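Have a look at the structure below before the remarks.
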Amino acid sequence: MSLSHHHLNTNILPTLSATIPTPFPLVFSAPIVSFLSFIFYSPLSLPSSPPIFSPFPSSLPTRKKMATAFSPSKFAAQPFPLNTTSQNNPLTIPTTASPFLGSTRKLIRLSSSSNLNIRRRSGTVVAVSDVVKENKSKSTLNLLITKEEGLELYEDMVLGRAFEDMCAQMYYRGKMFGFVHLYNGQEAISTGFIKLLKQQDSVVSTYRDHVHALSKGVSARAVMSELFGKTTGCCRGQGGSMHMFSREHNVLGGFAFIGEGIPVATGAAFTSKYKREVLKEADCDHVTLAFFGDGTCNNGQFFECLNMAALWKLPIVFVVENNLWAIGMSHLRATSDPQIYKKGPAFGMPGVHVNGMDVLKVREVAKEAIGRARRGEGPTLVECETYRFRGHSLADPDELRDPAEKAHYAARDPITALKKYLIENSLASEADLKAIDKKIDEVVEEAVEFADESPVPPRSQLLENVFADPKGFGIGPDGQYRCEDPKFTEGTAQV
Amino acid sequence: MAAIFQGVGAAAALSSSPSNSFGSKKFVSSPCRPFSVRKGASFAVVRSDGRVNLNPKGRRAQQLISNAVATKSDSAAASSSSKPGHELLLFEALQEGLEEEMERDLRVCVMGEDVGHYGGSYKVTKGLAKKFGDLRVLDTPIAENSFSGMGIGAAMTGLRPVVEGMNMGFLLLAFNQISNNGGMLHYTSGGQFTIPIVIRGPGGVGRQLGAEHSQRLESYFQSIPGIQMVACSTPYNAKGLMKAAIRSENPVILFEHVLLYNLKERIPDEDYICNLEEAEMVRPGEHVTILTYSRMRYHVMQAAKTLVNKGYDPEVIDIRSLKPFDLYTIGNSVKKTHRVLIVEECMRTGGIGASLIAAITENFNDYLDAPIMCLSSQDVPTPYAGTLEEVTVVQPAQIVTAVEQLCQ
Numbered sequence: 381m382s383l384s385h386h387h388l389n390t391n392i393l394p395t396l397s398a399t400i401p402t403p404f405p406l407v408f409s410a411p412i413v414s415f416l417s418f419i420f421y422s423p424l425s426l427p428s429s430p431p432i433f434s435p436f437p438s439s440l441p442t443r444k445k446m447a448t449a450f451s452p453s454k455f456a457a458q459p460f461p462l463n464t465t466s467q468n469n470p471l472t473i474p475t476t477a478s479p480f481l482g483s484t485r486k487l488i489r490l491s492s493s494s495n496l497n498i499r500r501r502s503g504t505v506v507a508v509s510d511v512v513k514e515n516k517s518k519s520t521l522n523l524l525i526t527k528e529e530g531l532e533l534y535e536d537m538v539l540g541r542a543f544e545d546m547c548a549q550m551y552y553r554g555k556m557f558g559f560v561h562l563y564n565g566q567e568a569i570s571t572g573f574i575k576l577l578k579q580q581d582s583v584v585s586t587y588r589d590h591v592h593a594l595s596k597g598v599s600a601r602a603v604m605s606e607l608f609g610k611t612t613g614c615c616r617g618q619g620g621s622m623h624m625f626s627r628e629h630n631v632l633g634g635f636a637f638i639g640e641g642i643p644v645a646t647g648a649a650f651t652s653k654y655k656r657e658v659l660k661e662a663d664c665d666h667v668t669l670a671f672f673g674d675g676t677c678n679n680g681q682f683f684e685c686l687n688m689a690a691l692w693k694l695p696i697v698f699v700v701e702n703n704l705w706a707i708g709m710s711h712l713r714a715t716s717d718p719q720i721y722k723k724g725p726a727f728g729m730p731g732v733h734v735n736g737m738d739v740l741k742v743r744e745v746a747k748e749a750i751g752r753a754r755r756g757e758g759p760t761l762v763e764c765e766t767y768r769f770r771g772h773s774l775a776d777p778d779e780l781r782d783p784a785e786k787a788h789y790a791a792r793d794p795i796t797a798l799k800k801y802l803i804e805n806s807l808a809s810e811a812d813l814k815a816i817d818k819k820i821d822e823v824v825e826e827a828v829e830f831a832d833e834s835p836v837p838p839r840s841q842l843l844e845n846v847f848a849d850p851k852g853f854g855i856g857p858d859g860q861y862r863c864e865d866p867k868f869t870e871g872t873a874q875v
Numbered sequence: 035m036a037a038i039f040q041g042v043g044a045a046a047a048l049s050s051s052p053s054n055s056f057g058s059k060k061f062v063s064s065p066c067r068p069f070s071v072r073k074g075a076s077f078a079v080v081r082s083d084g085r086v087n088l089n090p091k092g093r094r095a096q097q098l099i100s101n102a103v104a105t106k107s108d109s110a111a112a113s114s115s116s117k118p119g120h121e122l123l124l125f126e127a128l129q130e131g132l133e134e135e136m137e138r139d140l141r142v143c144v145m146g147e148d149v150g151h152y153g154g155s156y157k158v159t160k161g162l163a164k165k166f167g168d169l170r171v172l173d174t175p176i177a178e179n180s181f182s183g184m185g186i187g188a189a190m191t192g193l194r195p196v197v198e199g200m201n202m203g204f205l206l207l208a209f210n211q212i213s214n215n216g217g218m219l220h221y222t223s224g225g226q227f228t229i230p231i232v233i234r235g236p237g238g239v240g241r242q243l244g245a246e247h248s249q250r251l252e253s254y255f256q257s258i259p260g261i262q263m264v265a266c267s268t269p270y271n272a273k274g275l276m277k278a279a280i281r282s283e284n285p286v287i288l289f290e291h292v293l294l295y296n297l298k299e300r301i302p303d304e305d306y307i308c309n310l311e312e313a314e315m316v317r318p319g320e321h322v323t324i325l326t327y328s329r330m331r332y333h334v335m336q337a338a339k340t341l342v343n344k345g346y347d348p349e350v351i352d353i354r355s356l357k358p359f360d361l362y363t364i365g366n367s368v369k370k371t372h373r374v375l376i377v378e379e380c381m382r383t384g385g386i387g388a389s390l391i392a393a394i395t396e397n398f399n400d401y402l403d404a405p406i407m408c409l410s411s412q413d414v415p416t417p418y419a420g421t422l423e424e425v426t427v428v429q430p431a432q433i434v435t436a437v438e439q440l441c442q
């Protein structure tokens, strides 16, 4: 997460500036230039470099002390000062109390990007706390959301959180098994992005997909039943936690191997472009969102799809949920250049970094990125800095992460932040929000009841969905297609 | 029927005159990408004794390949216009099938390396990009895993892509997508998404192409649940299987063979498909059932000539459907002849033959008079040296010996 250590190497700056593709500002229309200007990592506008911290102790002798004093996890947990008051002073060390900062280190990177942000786009993408400060004196016209939108966002995030908490309970009670990966802490990304989509837009996720499915509109009952392995689940109990699909809501999965879903998302975006250009459905502007994590960004499929998406200007947004940890592997230990958003421009698309604990910020960035895709301007890479409050999965003892890091992010809980925003801006009252909390609790309870009462899949279901056309099981010795065998429908046929 | 070899084209190189064993001939053609043959184009014909003949039209009587299926009267030198149907080469048959399906259904599209402007490394997609546009015949970057996955995603969302692996071996890079997503997504989504994708490409042992370009992926893919695998061997079944695969709602892998692209045959003018799950009776017989597919069909047919001369009557079945097996046709044959020989190009270990033996033993053990014999390629990376390469695949002489042994 803390990305300051890499980019300010003076040796790198000149070369990096040379690599920024210059045609871009010409290609995009004016309103978007401001959007792009802060996202393109533009070294020329940054102040001169302070001492650089390298995580590799062997490289520079003076760094050794620092390296040993801070374990990778602590180092990684240096907070982005995006939510703090130091935004207007890019050169100062963030003043929020943080045990992670060495006194000789100056964190500049992302504070300055957000500072560029503020300089170039007044007021549109701001921290929640900044808005809070501003709006004490300004009218509500400057708010990012309306009351309805605010409540919708709140409800969606609370649903995600309550659902995942219930999953944990159910897992430990033996109602669901296997690998279950919970999304606690990352709700702002799912809500911020998916609530802007239409029904025909597609979402592709990873194994941490419960909340993406919920945000897209799959009912809590269907997801819970699927987790219980019941036949009323969204995938008839055949997929499980890591394979949430919904044809109706265009949730294209749910993939167990990381990176696997990204080509599928690229294909869905390709279909959208194909429909418009070949099938002449002129108003087809379906967008696909591909969600994946920081670990995936070192995988070949990620890069191959960035290339293809940018090459053909596919209507897709690549959303990186950078929660710094791939099970127990710190992002910094796995990645040569941890700033993932920088990889976008290398392929010819904008790369954006956003604070993923702030749903309003995510939403603003999402609006731009999805708008770009809808207009046919091509893909965007959005890196959301976020954190998962629980372990990688329910089987993960989560011993490697520093409790201080966890506490730091717990203090930035997106739901709490939105709640604070809504109340302080008089968009909603405590009572409104409590009512939503209660409603969601009921929804989740009801989902569990429904799942409990649902039947398990009968044996006959075993062979049903292996092939779309069951003739694929072939012709049996008796000359009949095997699917015509009565035992086939019982699930006991030999295939 | 004369086989037309191109001077620098991939050789079909299937059979020589009947009395010679296959491996003893040297072939001039080198295994590069063929350019297409159009009527009137001049091309070289490689004769079985290695001489190159530059004027094939006067040489029709030189039979370089016997096509064991369809047209029997292939020795007639009469003009082709009097017979029904039209003559073409196997790669043209594939192209015709693909083109017809693309015309018939706008959702059918092609993705692969060099399929568009280049026309396909074996010319199966030649001319299609000009006709249908760059989006319908998509030239992809060299990223098999990702563009196969892209094809799968497109199939899930309504298109019917045909993904080409320039060589089947390259699809090893796409194994993740083919197995996890191609084969399994329909199931893990509870039947919500269908994946009507066709994955095709040339495989098999060619003419000194080296180990990595001579792979037989059917044995690796056969365990993937949820996919169908078919192998074409003649222009007739190539076109038929291509069309059937495109029309099928299941993901289908169509195995072509590098050396078969220049087979020539007369095929019907009308629209037809070949059933994906059925095997093809090539030559009915009484004494022994020989099960084979793809290029080995031609080795078997060549051996069959020798066997017939020696008084045997082999029944030759081209199984075509590698997954699932057509146990009806196979079973009927086993019940008739009681002896089975499998001839395949796969490796011995874990190949299609191994699965076939298991399936036949399970279902028809009582009908067998002798243990099933299986001739497969050696478990050896295909060597570059021609002499070694010959020995790794099954040759007609071995087939003859095996049948004699089986029928004792």
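From first to last, the protein sequence lines are chains A and B. According to our numbering, the first sequence is numbered sequentially starting from 381. According to our numbering, the second sequence is numbered sequentially starting from 35. The C-beta atom is built at its ideal place from N, Cα and C for all residues, glycine as well. Just so it is clear, the structure is predicted and the values come from calculations on it, not from any experiment.
### Query
Does any residue of chain B bring its CB to less than 8 Å from the CB of Phe929(A)?
No statement about residue 929(A) is possible, as the shown extent of chain A runs from 381 to 875 and does not include it.
### Task
Taking only beta carbons into account, state which residues of the segment 355-383 of chain B come closer than 9 Å to chain A, listed in chain order.
Ser355, Lys357, Pro358, Phe359, Asp360, Leu361, Tyr362, Thr363, Ile364, Gly365 and Asn366
### Gly597(A) - DSSP class collapsed to helix/strand/coil
If DSSP states are grouped into helix, strand and coil, Gly597(A) belongs with coil.
### Message
Tell me the residue span of the alpha helix (DSSP H) that contains Phe289(B).
### Response
Counting along the chain, Phe289(B) falls outside any alpha helix (DSSP H), though it belongs to the beta strand (DSSP E) covering Val286 to His291.
### Query
Of all the CB atoms in chain A, is at least one closer than 8 Å to the CB of Pro318(B)?
no
### Query
Tell me the DSSP bridge mates of Ile301(B)?
His120(B)
### Query
Which whole-angstrom value is the C-beta distance of Cys408(B) and Ile391(B), which I expect to be below 8 Å?
Right, their Cβ atoms sit about 6 Å apart.
### Query
Using the C-alpha atoms, what's the distance from Ala648(A) back to Leu481(A)?
At Leu481(A), the pLDDT of 31 sits below 50, so the modelled position is not reliable; the number obtained from the coordinates is stated separately. For Leu481(A) and Ala648(A), the distance between alpha carbons rounds to 44 Å.
### Task
Could you have a look at Lys277(B) and say whether DSSP puts it in helix, strand or coil?
Correct three-state label for Lys277(B): helix.
#### Entry: Boundaries (first-last residue) of the alpha helix (DSSP H) holding Asn179(B)
Glu178 to Met190
### Message
Between the alpha carbons of Ile307(B) and Gln860(A), how many angstroms are there, rounded?
### Response
19 Å
### Task
Spell out the partners DSSP gives Asp352(B) in its beta bridges.
Looking at the DSSP assignment, Asp352(B) forms a beta bridge with Glu314(B) and Thr326(B).
### Query
Unbroken alpha helix (DSSP H) runs of length 4 or more, entirely within the segment 211-247 of chain B: which are they?
219-222
### Query
For Ile855(A) versus Glu311(B), is the C-beta spacing smaller than 8 Å?
yes
#### Entry: CA-to-CA distance, Met622(A) to Asp589(A), given in whole angstroms
7 Å
### Query
If you compare alpha carbons, which of Arg241(B), Gly237(B) and Gly225(B) is closest to Val425(B)?
Arg241(B)
### Message
Can you give me the C-alpha to C-alpha distance between Ser367(B) and Glu314(B), rounded to a whole angstrom?
### Response
12 Å
### Task
Output the residue ranges of the beta strand (DSSP E) runs that lie fully inside the segment 659-738 of chain A and measure 3 residues or longer, sorted by chain position.
Runs of the beta strand (DSSP E) lying entirely within the segment 659-738 of chain A and spanning at least 3 residues, in chain order: 668-673, 696-702 and 731-735.
### Task
Would you mind sorting Asn735(A) into buried or exposed? The rule is 16 or more other CB atoms within 10 Å of its CB.
buried
### Query
Between the C-alpha atoms of Ala265(B) and Glu290(B), what's the straight-line distance to the nearest angstrom?
6 Å
### Message
Here's a check: name, in chain order, each residue in its chain whose Cβ is nearer than 7 Å to the Cβ of Ser117(B), leaving out the five neighbours to either side.
### Response
Looking at the sequence itself, residue 117(B) is Lys, so the reference to Ser does not match. These residues qualify, in order along the chain: Arg300.
### Message
Between the alpha carbons of Ile364(B) and Leu375(B), how many angstroms are there, rounded?
### Response
11 Å
### Query
What residue does the beta strand (DSSP E) around Cys764(A) start on, and which one ends it?
Thr760 to Glu765
### Task
Report yes or no: is there a C-beta of chain A within less than 8 Å of the C-beta of Thr228(B)?
yes
### Range covered by the beta strand (DSSP E) that runs through Glu757(A)
First-last for Glu757(A): undefined, no H or E at that position.
### Query
For the 8 Å Cβ check, are there 3 or more pairs between the segment 224-231 of chain B and the segment 173-181 of chain B?
no
#### Entry: CB contact below 8 Å: Val836(A) versus chain B
no
#### Entry: Whole-angstrom distance between Thr159(B) and Phe255(B), CA atom to CA atom
24 Å
### Query
Along the chain, where does the alpha helix (DSSP H) that runs through Leu390(B) open and close?
Ile386 to Phe398
### Message
At the 8 Å Cβ level, is Ile448(B) part of the contact set with chain A, yes or no?
### Response
Because chain B spans 35 through 442 in this model, residue 448(B) falls outside it and cannot be assessed.
### Below-8 Å beta-carbon distance, Met604(A) vs any chain B residue
no
### Query
Ile186(B) touches chain A at which residues, Cβ-Cβ below 7 Å?
Val644 and Gly647
### Task
Name the residue from Met688(A), Cys863(A), Glu785(A) and Val658(A) whose alpha carbon lies nearest to the alpha carbon of Asp139(B).
Val658(A)
### Task
Using a threshold of 8 Å, state whether the C-beta atoms of Arg329(B) and Gly244(B) are closer than that.
no
### Query
Listing by chain order, which chain B residues have their CB less than 9 Å from the CB of Cys614(A)?
Ser223, Gly224 and Gln226
### Query
Secondary structure at Cys863(A), three-state DSSP: helix, strand or coil?
helix
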